[in-house]
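Protein chains in written order, with my numbering: chain C, 3 to 374; chain S, 3 to 368. Step one of this worksheet: look at the structure below.
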Amino acid sequence: MKFIVSSTYLLKQLQVLGGVINNSNTLPILDNFLFELDHDKLIISASDLETTMASTLDVESESEGSVAIPARLLLDTLKTFPEQPLTFVVEENNTVEISSNHGKYALAYADGNEFPKAVALEDPSKTVITGDILATAISKTIFAAGNDDLRPVMSGVFFQFSTEGLTFVATDAHKLVKYTREDVKASQVAEFIMPKKPLNLLKGILGGSEEDVTIEYNDSNAKFTFENSELICRLIDGKYPNYEAVIPKENPNKLAINRNQFLNSVRRVSIFSNKTTHQIRLKIAGAELNISAEDIDYSNKAEERLTCDYQGDDMQIGFNSRFLTEMLTNLSSDDVQLEMSMPNRAGILTPVDGLNEGEQVTMLVMPVMLNN
Amino acid sequence: MRDELPIRKIIHVDMDAFYASVEQLDNPELIGKPIAVGGGGKRGVISAASYEARKFGVKSAMAGNLAIKLCPELIFVNHHFERYTEISKQIRRIFYDYTDLVEPLSLDEAYLDVTENKKGNPSASLIAKEIRTRIFNEVGLTASAGISINKFIAKIASDYNKPNGQKTVNPEEVIPFLEALEIRKFYGIGKVTAEKMYQKGIFTGLDLKQKSLDYLEKNFGKSGHLYYYIVRGIHNSEVKPNRIRKSLAAERTFNENLSSEIFMLEKLDHIAEEVTKRLSKSNVAGKTVTLKIKYSDFTLQTRSKTLPYYIKDKNIILETAKDLLYQEKLNNSVRLLGISLSNLNTENKPKKEDDKSVSVQLKFEF
Chain C
3 MKFIVSSTYL LKQLQVLGGV INNSNTLPIL DNFLFELDHD KLIISASDLE TTMASTLDVE
63 SESEGSVAIP ARLLLDTLKT FPEQPLTFVV EENNTVEISS NHGKYALAYA DGNEFPKAVA
123 LEDPSKTVIT GDILATAISK TIFAAGNDDL RPVMSGVFFQ FSTEGLTFVA TDAHKLVKYT
183 REDVKASQVA EFIMPKKPLN LLKGILGGSE EDVTIEYNDS NAKFTFENSE LICRLIDGKY
243 PNYEAVIPKE NPNKLAINRN QFLNSVRRVS IFSNKTTHQI RLKIAGAELN ISAEDIDYSN
303 KAEERLTCDY QGDDMQIGFN SRFLTEMLTN LSSDDVQLEM SMPNRAGILT PVDGLNEGEQ
363 VTMLVMPVML NN
Chain S
3 MRDELPIRKI IHVDMDAFYA SVEQLDNPEL IGKPIAVGGG GKRGVISAAS YEARKFGVKS
63 AMAGNLAIKL CPELIFVNHH FERYTEISKQ IRRIFYDYTD LVEPLSLDEA YLDVTENKKG
123 NPSASLIAKE IRTRIFNEVG LTASAGISIN KFIAKIASDY NKPNGQKTVN PEEVIPFLEA
183 LEIRKFYGIG KVTAEKMYQK GIFTGLDLKQ KSLDYLEKNF GKSGHLYYYI VRGIHNSEVK
243 PNRIRKSLAA ERTFNENLSS EIFMLEKLDH IAEEVTKRLS KSNVAGKTVT LKIKYSDFTL
303 QTRSKTLPYY IKDKNIILET AKDLLYQEKL NNSVRLLGIS LSNLNTENKP KKEDDKSVSV
363 QLKFEF
């Protein structure tokens with residue numbers, strides 16, 4: 003087995019694939035990249051058993067073979083090379099020899115057959131989406147997903163596909179984001195929960211990409227195919243909470259405000275909030291929004307007044323400032339609207355402008371009950 | 003102050019040698035022996051003495067070394083205040099079975115206003131008897147009681163048949179009782195005042211009664227005013243329950259029975275308004291909302307919901323009450339609706355936390 007490949011081209015692919023590999027693996031073979039050579043096609047794979055990603059590279063070769071090469075060692079070596087052709091030769095003594103312009107490097111390899119095989123999807127459904135739209139959907143939602151091991155379904159992003167459009171939902175029970183694209187449709191109704199790790203990889207790879215991504219899915223796995231790569235992952239098993247039920251239907255109190263102004267005030271005031279609850283208080287009366295925070299333990303206190311556009315009854319509501327900050331940061335509009343009903347019901351944050359045709363973002367945040 | 007009030011029925015319950023009795027209860031070896039709680043140290047002062055010890059003249063507030071001279075067999079035991087508090091609470095729970103108007107004076111005595119009581123028993127003497135019996139059966143200690151028309155006389159009366167006895171001073175006996183009473187037994191008259199009274203020739207209630215209001219005020223200041231009325235059986239000090247509020251409610255009986263939830267919503271709004279008013283008046287908030295429904299056939303139903311945080315906001319109370327109303331179909335037409343809030347933030351709250359605002363991050367109800 004022998005092939006010649008450009009060093010930077012290979013490094014670029016390996017760095018993407020390296021994101022799949024866990025820092026510590028129970029299965030030592032997973033510390034390797036799998037190299038599968040079939041003449042001028044080289045397929046490199048990385049896996050953590052849950053997620054497997056493979057990329058196909060064009061190389062110069064006339065041979066075939068399959069070896070697993072230590073990922074860390076290979077990456078560290080490649081990073082140091084300027085652009086140049088590298089020759090990989092699998093030697094008889096269980097080592098791979100890499101020849102560069104500078105010299106030779108031998109790495110011990112494992113038999114490629116030891117590497118776990120990615121599952122093949124049986125009877126999948128298929129939807130095609132532009133890479134950038136998928137990346138946007140992920141980045142709009144993933145920050146709201148939880149980390150609770152007891153509620154694994156909430157640690158992922160819920161994909162809800164239908165002939166009407168695609169919906170992506172994430173929640174940690176305190177905040178919730180629903181991102182809808184009515185301009186992209188699926189051929190049939192499907193729902194599945196994607197774990198965070200492969201989504202973060204996809205977000206990184208697909209941002210700004212105009213290429214199409216083919217998503218294939220069944221009850222247990224999903225496969226994303228794009229350009230020269232494919233990513234197969236196991237889905238999170240379980241039933242996603244009925245998120246629609248927690249979106250308050252009637253919200254008579256509507257606040258419209260400049261997003262940046264609001265965000266900056268929240269950030270400043272929250273510095274003075276209690277260090278564990280991060281609680282800030284919004285007091286809205288007339289066209290004035292009063293944002294205040296207090297840390298009684300240290301006698302720290304802050305208060306800001308903002309002019310806003312408000313329709314509804316005067317009200318007071320408490321929020322965790324970190325949630326508000328995360329949500330406001332994630333939005334990119336000039337103005338936002340915050341709809342509320344009562345101090346113990348979720349507030350609904352939506353962008354007023356800057357959305358594409360068919361794009362919808364709804365963010366929910368549960369309040370902190372003020373008790374004083 | 004002199005407005006004619008309906009005659010009240012006040013009971014003063016006083017535990018017999020409380021600390022000492024508790025010690026004997028917990029340590030049966032001590033039963034029947036002269037014991038003193040506290041006062042064991044070099045300069046210790048006795049907090050309480052058992053009746054066996056009192057026979058020798060050992061009294062509370064007596065120095066330990068003096069007591070041992072009076073009663074060489076005297077056994078000194080240490081305080082167990084937690085235990086006294088625990089038993090005191092147990093006793094108070096018995097009181098609350100009869101009335102909410104309980105004014106604890108200390109761990110071992112309390113005033114009860116039983117003019118209107120939960121048992122509907124018109125006889126304060128019988129209630130006192132029942133309470134004492136229950137204390138004995140449930141706690142194992144004896145108590146004495148005084149029953150009369152005001153706190154002052156009830157307190158004096160409880161001393162009459164001590165230990166393990168009670169005395170009732172009926173309304174018609176009040177005046178003769180007070181007239182015959184030794185002046186030093188009057189509430190608020192200690193050694194010094196008694197001495198002063200003696201010098202002015204006042205030895206009994208009758209003597210005191212001969213003096214004019216002016217005279218008493220001139221000689222005894224503000225207290226003179228009190229003495230003047232007290233000896234005439236007038237002492238309107240109410241039984242002030244300083245107990246922690248456990249719940250707060252408002253309810254409404256309708257002129258006509260309501261059969262549809264739709265008509266009840268408006269009523270609930272008013273009731274929630276009232277509850278909110280009372281909450282802000284008492285400055286409390288609660289977690290559990292209970293909806294009380296009394297049907298036209300007088301059957302009673304309660305439905306309650308506990309929220310994860312304290313509420314005092316009218317809208318939230320109303321919403322929760324509405325949820326409870328729609329939770330299940332009504333059995334019949336309704337004559338009364340009530341909303342109560344319990345699990346109040348006054349309960350079991352350590353003092354330190356009082357000023358601290360408690361905030362709760364709410365979650366979606368998945």
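Glycine residues also receive a C-beta, built at the ideal position from the N, C-alpha and C atoms. All values reported here derive from a predicted model rather than from experimental measurement.
- Bounds of the alpha helix (DSSP H) holding F20 of chain S are 20-28.
- For E181 of chain S, the enclosing alpha helix (DSSP H) covers residues 176-182.
- DSSP places H14 of chain S in the strand class (E or B) of the three-state scheme.
- Between N345 of chain S and chain C, the shortest Cβ-Cβ separation is not below 9 Å.
- Among the CB atoms of chain S, one or more fall inside 9 Å of the CB of V248 of chain C.
- Checking the DSSP bridge columns, you'll see Q162 of chain C partnered with C:T169, C:E193.
- For the options C:L178, C:K225, C:L88, the alpha carbon positioned closest to that of F325 of chain C is the one of C:L178.
- Pairing P118 of chain C with L51 of chain C gives a Cβ-Cβ distance under 9 Å.
- For A172 of chain C, the closest C-alpha among the options C:D151, C:F160, C:S9 is that of C:F160.
- Contacts with chain C at 9 Å (Cβ-Cβ) do not include Q329 of chain S.
- Within its own chain, the residues whose Cβ lies closer than 6 Å to the Cβ of L265 of chain C, once the five positions on either side in sequence are excluded, are L330, listed in chain order.
- Annotation: G142 of chain S to E132 of chain S spans about 14 Å, alpha carbon to alpha carbon.
- For S102 of chain C, no beta strand (DSSP E) segment is defined, and its DSSP state is neither H nor E.
- A straight-line Cα-Cα distance of about 6 Å links T227 of chain C and V215 of chain C.
- Counted as a single uninterrupted DSSP element, the beta strand (DSSP E) harbouring P72 of chain C occupies residues 66-72.
- In the three-state DSSP reduction, N255 of chain C falls in the strand class (E or B).
- For D315 of chain S, the neighbours in chain C by C-beta distance under 8 Å run, in chain order, M344, P345, N346.
- Interface flag for P353 of chain C against chain S is unset, since no Cβ pair is found closer than 9 Å.
- Restricting attention to S:K61, S:E184, S:F368, S:A22, the CA atom closest to the CA of V248 of chain C is found in S:F368.
- In chain order, S267, R270, V271, N292, I293, S294 place their CB closer than 8 Å to the CB of E306 of chain C, counting only its own chain and leaving out the 5 sequence neighbours on each side.
- Under the Cβ distance rule, E367 of chain S counts among the residues neighbouring chain C, one pair being separated by less than 9 Å.
- Residues of the region 171-182 of chain C with a C-beta less than 7 Å from any C-beta of chain S: T173, A175, H176, L178, listed in chain order.
- Excluding its 5 nearest sequence neighbours in each direction, K180 of chain C has C-beta neighbours in its own chain below 6 Å: V171, T364, listed in chain order.
- The straight-line gap separating the alpha-carbon atoms of I232 of chain S and N285 of chain S is approximately 36 Å.
- Using a 10 angstroms sphere on the CB of R10 of chain S, the tally of other CB atoms reaches 16 or more, which defines it as buried.
- Under the three-state reduction of DSSP output, E361 of chain C falls in the strand class.
- Taking 8 Å as the upper bound on Cβ-Cβ separation, chain S lies near residues G320, N322 of the region 305-329 of chain C.
- Here A137 of chain C has K205, L208, G209 as same chain residues with Cβ atoms under 6 Å from its own Cβ, once five neighbours each way along the sequence are excluded.
- K277 of chain C sits in coil when the DSSP states are folded into three classes, being neither helix nor strand.
- Excluding its 5 nearest sequence neighbours in each direction, T278 of chain S has C-beta neighbours in its own chain below 6 Å: K316, listed in chain order.
- F321 of chain C and K91 of chain S have their C-alpha atoms some 40 Å from each other.
- Here F222 of chain S is not near L339 of chain S, since their CB atoms are 9 Å or more apart.
- Taking 9 Å as the upper bound on Cβ-Cβ separation, chain C lies near residues A287, L309, P310, Y311, Y312, I313 of the region 279-313 of chain S.
- DSSP, reduced to helix, strand and coil, places K324 of chain S within a helical segment of the structure shown.
- In summary, V104 of chain S is buried, with 16 or more beta-carbon neighbours lying within 10 Å of its beta-carbon over all protein chains present.
- Among the residues facing chain C, S361 of chain S is included, as its CB has a counterpart in that chain under 9 Å away.
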